[in-house]
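Participant: Residue numbers (the UniProt record's numbering): 1 to 554.
All C-beta atoms, glycine included, are put in the ideal place defined by N, C-alpha and C.
Quick one: structure below, then a few questions.
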Amino acid sequence: MKNIKFSNLDREKTIARLAKDEYDLVVIGGGITGGGIALDAASRGLKVALVEKNDFASGTSSKSTKLIHGGLRYLKQFDFWLVKEVGSERAIVHKLAPHLVLPEKMLLPLIENGSYGKWLTSIGLKVYDILAQVTGDDKRQMLEKKEALKLEPLLPKKILKGAGYYAEYRTDDARLTIENIKTSLQFGAVALNYGKVEDFEYTNNVISGVKVKDVISGNDFTIKTKYVISAAGPWVDELRSTNNSKKGKRLHLTKGVHLVFPFEKLPLKHSTYFDVPDGRMMFAIPRGKVTYVGTSDTNYNNDKDEVRTDLTDAVYIISAVNNMFPDIELELDDIVSSWAGLRPLIHEEGKSASELSRKDEIFTSDTGLISIAGGKLTGYRKMAERVVNRIVKKMEENSTEIKECHTEEIPLCGNVDFKKFKHVTKYIDSLYERIKSDGFAHYDAWFLVTNYGKQTESILDIYENLDDTDKYIRMAKAELRFGIDYEMVQNPMDFFIRRTGRLYFDIDSVRSLMGPILAEFKTIYGVDDAQLLLWKEELETILDEHSNFSLERV
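And the structure:
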């Protein structure tokens with residue numbers, strides 16, 4: 001699979017193309033849903049444009065629990081349809097990107113007076129296996145207390161009764177998003193970040209164009225189109241208001257927070273889905289150098305562009321961890337990073353944040369704006385299929401024949417010849433053999449492959465042609481150059497947060513690489529010192545907001 005140039009160095013050309021051509025479909029929103037829609041529609045032969053007001057995956061799609069999971073908790077709500085769909089999707093998304101969607105065994109501790117009893121868990125996991133079509137070693141096991149403690153010695157010995165042991169998948173949501181968008185380019189889609197839709201154009205009271213402001217230059221342009229799908233996540237209702245179609249059902253935003261700790265502070269051997277004293281459930285997931293924990297679930301009515309982890313969120317999650325793992329005594333000072341995101345759910349009168357359905361819904365306005373909201377990360381491909389089917393049905397009424405959805409057969413960028421996860425681990429090992437002579441650790445090979453898959457080869461080619469003496473600076477610069485040329489990296493935040501996940505999972509590397517990366521931006525983009533200073537200050541503010549939870553900050 002050849003890399004397709006996808007760079008803001010060509011931004012003027014991209015915008016000129018968007019302004020000149022007429023499209024079958026404009027997708028508003030560059031999160032996982034929008035990316036999935038762009039790939040689905042483009043691969044069926046539609047001419048597709050996608051615009052995102054910020055960076056790709058900058059909203060909800062970089063701030064999830066980063067699991068491709070079947071939604072075990074929805075069995076308790078008897079939402080069998082949702083469990084069946086997202087459960088089946090896990091294996092499909094893993095097949096499409098085995099380097100990004102990694103198998104993850106999950107422990108479900110059974111404790112005295114907990115949410116799940118032994119009998120209910122056994123039946124529930126069995127139903128889960130059937131609905132999600134789980135086979136082989138991934139089928140659920142029920143463990144006695146002794147077996148559970150052997151797998152995870154940090155579990156609470158006094159109140160532990162046993163555990164369920166079942167299979168899920170872990171991912172990087174932002175990488176999954178960018179790879180969907182990049183794969184859509186292979187089918188002719190055009191995508192632009194930092195392009196904000198400000199209004200619509202109408203012909204005979206039907207949308208016939210979207211008016212976009214280029215956030216970088218401040219210039220306005222219009223994209224002509226036959227259909228528009230808004231996959232703007234938490235901003236869906238704002239666009240419905242712009243379209244004068246915000247009536248009937250509306251969004252209900254809830255905030256979800258995750259905290260990140262050094263692995264040494266929370267050295268879990270297994271990912272764990274555990275009870276919280278208030279009756280909710282939470283995940284604790286080891287990942288490389290860290291373990292992350294989440295999530296909270298609280299109503300949110302503040303600024304959608306400034307969603308932050310506050311002290312109350314941090315105390316809530318730390319208390320939950322210390323309650324389930326009594327030998328661990330986490331404190332606020334142990335937090336090394338965090339993230340907070342919004343769930344764009346559908347409002348239901350009288351229901352709490354945790355009770356709201358995670359099912360997606362589609363709204364169509366009288367003027368033709370199609371909006372999709374709700375849903376789960378895991379179900380993004382089916383959500384895309386459903387909403388594109390609506391457009392296809394209308395097009396076929398005009399005697400235009402369109403292909404059926406076949407995204408379950410389209411490998412995502414980075415997946416070249418990975419048939420199973422064992423092929424990914426084999427590639428990681430072979431990559432380590434190639435780079436260890438430069439002083440890299442096995443973790444570094446794992447990091448590259450689980451971010452980029454076989455695109456790592458392109459990064460290594462760039463690395464070989466750089467001459468920095470520090471290997472880590474040299475590799476980071478190679479990643480940056482790849483990101484600028486093929487992943488629309490526009491600024492250091494795009495790179496450190498959404499293309500590499502370093503802000504969340506290796507925050508110290510952001511501090512050590514900040515200077516060299518800023519210097520590289522100056523070289524490539526030709527930005528002036530004033531812009532570099534602004535970026536440096538923004539990065540330092542972001543680092544503080546994500547990692548400093550000392551009481552002095554309050």
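I believe Glu-201 touches Thr-177 by the beta-carbon criterion, under 8 Å. Please report the beta-carbon distance rounded to the nearest angstrom.
Facilitator: As a first step, residue 201 must be located in the sequence shown, where it is residue number 201. As a first step, residue 177 must be located in the sequence shown, where it is residue number 177. Not really, about 28 Å apart at Cβ, beyond 8 Å.
Participant: Is the beta carbon of Glu-112 sitting closer than 8 Å to the one on Gly-379?
Facilitator: Indexing the sequence shown from 1 puts residue 112 at position 112. Indexing the sequence shown from 1 puts residue 379 at position 379. No, Cβ-Cβ distance for Glu-112 and Gly-379 is not below 8 Å.
Participant: For a minimum of 3 consecutive residues, which ranges assigned as the beta strand (DSSP E) are wholly contained in the region 215–301?
Facilitator: Counting only runs of 3 or more, we get 220–230, 251–262, 271–275, 281–287 and 290–294.
Participant: On the three-pair Cβ rule with 8 Å, is the region 38–57 touching the region 15–24?
Facilitator: The region 38–57 is in contact with the region 15–24.
Participant: Would you call the region 287–302 and the region 261–273 touching, i.e. three or more CB-CB distances under 8 Å?
Facilitator: With a cut-off of 8 Å, the region 261–273 and the region 287–302 count as touching, because enough Cβ pairs lie within range.
Participant: Can you confirm whether Leu-67, when its beta carbon is compared against all beta carbons of chain D, has any partner nearer than 8 Å?
Facilitator: In summary, chain D is missing from the structure at hand, where a single protein chain is found.
Participant: Looking at the strands, I want to know which residues DSSP matches up with Trp-339.
Facilitator: Along the sequence shown, read from residue 1 onward, the residue named residue 339 stands at position 339. Answer is His-258, bridged to Trp-339.
Participant: Start and end of the beta strand (DSSP E) containing Lys-471?
Facilitator: For this step, residue 471 is matched to residue 471 along the sequence shown. It is not in any beta strand (DSSP E) - Lys-471 instead sits in the alpha helix (DSSP H) that spans 471–486.
Participant: Using beta-carbon positions only, say whether Leu-82 and Glu-168 come within less than 8 Å of one another.
Facilitator: As a first step, residue 82 must be located in the sequence shown, where it is residue number 82. As a first step, residue 168 must be located in the sequence shown, where it is residue number 168. Cβ atoms of Leu-82 and Glu-168: not closer than 8 Å.
Participant: Taking three-plus beta-carbon pairs below 8 Å as touching, is the region 293–302 in contact with the region 315–331?
Facilitator: Yes, the region 293–302 touches the region 315–331.
Participant: Counting only the same chain and skipping the five closest in sequence on each side, list residues whose C-beta sits under 7 Å from that of Glu-329.
Facilitator: Against the sequence shown, residue 329 aligns to sequence position 329. Answer for Glu-329: Asn-322, listed in chain order.
Participant: In its own chain, which residues sit with a C-beta less than 7 Å from the C-beta of Lys-477, not counting the 5 before and 5 after it?
Facilitator: The residue you call residue 477 lines up with position 477 of the sequence shown. Cβ within range, chain order: Leu-466, Asp-468, Pro-516 and Glu-520.
Participant: Between the beta-carbon of Phe-80 and the beta-carbon of Leu-160, is there less than 8 Å?
Facilitator: As a working note, residue 80 is residue 80 in the sequence shown. As a working note, residue 160 is residue 160 in the sequence shown. For Phe-80 and Leu-160, no; Cβs fall outside 8 Å.
Participant: Helix, strand or coil for Gln-141? Go by DSSP, reduced to three states.
Facilitator: Numbered from its first residue, the sequence shown carries residue 141 at position 141. Of the three classes helix, strand and coil, the one that applies to Gln-141 here is strand, per DSSP.
Participant: Quick one, which of Lys-150, Asn-451 and Asn-180 has its alpha-carbon nearest Leu-377's?
Facilitator: Taking the first residue of the sequence shown as 1, we reach residue 377 at position 377. It is Asn-180 whose Cα lies nearest to the Cα of Leu-377.
Participant: Measure the alpha-carbon distance for Gly-414 versus Asn-204 and round it to whole angstroms.
Facilitator: Here residue 414 refers to the residue found at position 414 when the sequence shown is read from its first residue. Here residue 204 refers to the residue found at position 204 when the sequence shown is read from its first residue. Approximately 44 Å between the Cα atoms of the pair.
Participant: Going by DSSP in three states, Tyr-443 sits in which element: helix, strand or coil?
Facilitator: By one-based count along the sequence shown, residue 443 stands at place 443. Correct three-state label for Tyr-443: helix.
Participant: Which residues mark the beginning and the end of the beta strand (DSSP E) in which Ser-371 is found?
Facilitator: As a first step, residue 371 must be located in the sequence shown, where it is residue number 371. Its beta strand (DSSP E) spans residues 369–373.
Participant: With a 10 Å radius around its C-beta and 16 neighbouring C-beta atoms as the bar for buried, classify Asp-237 as buried or exposed.
Facilitator: Working through the sequence shown from its first residue, we reach residue 237 at position 237. Burial call: buried.
Participant: Sort out for me which residues DSSP pairs Ile-68 with in a bridge.
Facilitator: Taking the first residue of the sequence shown as 1, we reach residue 68 at position 68. BP columns for Ile-68 point to Tyr-169.
Participant: What runs of the alpha helix (DSSP H), each 4 residues or longer, lie entirely inside the region 87–167?
Facilitator: 118–131 and 145–151, all fully within the region 87–167.
Participant: Take Val-554 and list the residues in its own chain whose beta-carbon comes closer than 7 Å to its own, dropping the five residues that flank it on each side.
Facilitator: Against the sequence shown, residue 554 aligns to sequence position 554. Low per-residue confidence applies at Val-554: pLDDT is 47, beneath 50, and the placement is therefore not dependable enough to give any value.
Participant: The alpha helix (DSSP H) with Ile-32 in it runs from where to where?
Facilitator: Here residue 32 refers to the residue found at position 32 when the sequence shown is read from its first residue. From DSSP, the alpha helix (DSSP H) with Ile-32 extends over 32–43.
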